[in-house]
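Just below is one structure, and these are the notes that go with it.
Numbering (my numbering), first residue to last: 24 to 305.
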């Protein structure tokens, strides 16, 4: 992972109701290029508003947003450039899909950037195959299942070759099969070097997946750090209505009882914890 700061927010403020209350209340943070970042917090803490500012859909009323060290001015040219490099997948795909067919939907973005039809056709075909969309490629988008719509909405963004992808609760309302499929796609994004920001309430997934966890509260960053740092702070978690990850609680309990040595690296998942326990038996 690079040490380069790809995205920086400095004292962002945004209010939906004439400055009476702020959805963003002086929010500042930095994201490194290539990071997997879990953005967490109670509903209304400012996560979605921040995401919309990052993609230029909303403009902060004050504060600055930097992409690759350059301040975003929210001019037309700046916004076009930003939206070709920072994509968002909404929690509800119906807020994103609007073309008549799946193929047209995935083609729309690159065609709108002026890329040749021949190149777009190849890119779209590759993306359809990669995301296992072939069986419903010619279907109307409104006729798709929730999981299929999510696949298409992710393909919409990936075909643009973004540097940052923002995922707002990507597994929301999905069945287990499509949740696994979406998680697999997300893992592939990070292997490809894309910086991924994901809003999620799933502490177990965030603990295993993320490089960094950012906790939002009242439009500010309450805490930012490694999953171990954040999820070990139970007082901080209480403020955001989150519980510690199951594997971390179990590990810490075994350490307190002297069954495991607390100098061991904290396990990211149950498989690693089982390995620790098996080593004791042997």
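For every residue, glycine included, the Cβ atom is placed at its ideal position computed from N, Cα and C.
Nothing here was measured: the structure is a model prediction, and the numbers come from that model.
### Query
Can you tell me where the alpha helix (DSSP H) with residue 274 in it begins and where it stops?
269–279
### Message
Strictly by DSSP, which residues pair up with residue 90?
### Response
When beta bridges are read from the DSSP output, residue 90 appears opposite 30 and 93.
#### Entry: Residue interval of the alpha helix (DSSP H) (run including residue 218)
Run containing residue 218: none in the alpha helix (DSSP H); it sits in the beta strand (DSSP E), 218–222.
### Message
With H, G and I counted as helix, E and B as strand and the rest as coil, what does DSSP make of residue 242?
### Response
coil
### Message
When you compare the CB positions of residue 51 and residue 45, do they come within less than 8 Å of one another, or not?
### Response
no
### Task
Indicate whether residue 77 and residue 156 have their beta-carbon atoms separated by less than 8 Å.
no
### Query
Going by C-alpha distance, which of 121, 259 and 254 is nearest residue 233?
254
### Message
Closest to residue 137 by C-alpha separation, out of 116, 117, 104 and 111, would be which residue?
### Response
104
### Query
Between residue 218 and the rest of its own chain, which residues show a CB-CB distance below 7 Å, the 5 nearest in sequence each way excluded?
29, 54, 56, 57, 58, 186 and 187
### Message
Under 8 Å: do the region 61–68 and the region 116–135 share three or more Cβ pairs, one atom per stretch?
### Response
No: fewer than three Cβ pairs fall under 8 Å.
### Query
Helix, strand or coil: how does DSSP classify residue 227 here?
helix
### Query
Hey, is the region 86–104 in contact with the region 271–279, meaning 3+ C-beta pairs nearer than 8 Å?
no
#### Entry: The beta strand (DSSP E) enclosing residue 169, as first and last residue numbers
Element bounds for residue 169: not the beta strand (DSSP E) but the alpha helix (DSSP H), 169–181.
### Segment contact, 8 Å Cβ cut-off, at least three pairs: the region 167–174 with the region 137–151
no
### contact_flag[the region 285–298, the region 257–272] where n(CB pairs < 8 Å) is 3 or more
By the criterion of at least three beta-carbon pairs nearer than 8 Å, the region 285–298 is in contact with the region 257–272.
### Query
In terms of residue numbering, what span does the beta strand (DSSP E) encompassing residue 51 cover?
47–55
### Task
Please state whether DSSP places residue 234 in a helix, a strand or coil.
coil
### Cut-off 8 Å between Cβ atoms - residues of its own chain near residue 303, not counting five sequence neighbours on either side
Hits under 8 Å: 282 and 283.
### Query
Which same chain residues, not among the five before or five after residue 250, have their C-beta less than 7 Å away from its C-beta?
229, 230, 233 and 236
### Task
Could you tell me which residues DSSP puts in a beta bridge with residue 189?
111 and 220
#### Entry: Buried versus exposed, by CB contacts within 10 Å (16 or more), residue 110
Its Cβ being crowded by 16 or more others within 10 Å, residue 110 is buried.
### Message
On the DSSP letters alone, give me the boundaries of the beta strand (DSSP E) that residue 59 sits inside.
### Response
59–63
### Task
Please state if the CB of residue 164 and the CB of residue 124 are separated by a distance shorter than 8 Å.
yes
### Segments assigned beta strand (DSSP E), at least 3 residues, entirely inside the region 121–163
none
### Query
In chain order, what residues of the same chain lie with their CB nearer than 8 Å to the CB of residue 60, ignoring the 5 residues before and after it?
54, 218, 219, 220, 221, 233, 234, 235, 236 and 237
#### Entry: residue 85, DSSP secondary structure in three states
Secondary structure of residue 85 (DSSP, three-state): strand.
### Query
Is residue 128 buried or exposed, if buried means 16 or more other CB atoms sit within 10 Å of its CB?
Burial state of residue 128 is buried, judged by a 10 Å Cβ sphere holding 16 or more other Cβ atoms.
### Message
Quick check: residue 198 and residue 170, are their CB atoms within less than 8 Å of each other?
### Response
yes
### Message
Please state whether the Cβ-Cβ distance between residue 47 and residue 83 is less than 8 Å.
### Response
The answer is yes: Cβ separation under 8 Å.
### Task
Under 8 Å by Cβ, that's how I've got residue 208 and residue 293 pegged, so tell me the actual separation to the nearest angstrom.
The pair is not a contact, with the Cβ atoms about 23 Å apart (cut-off 8 Å).
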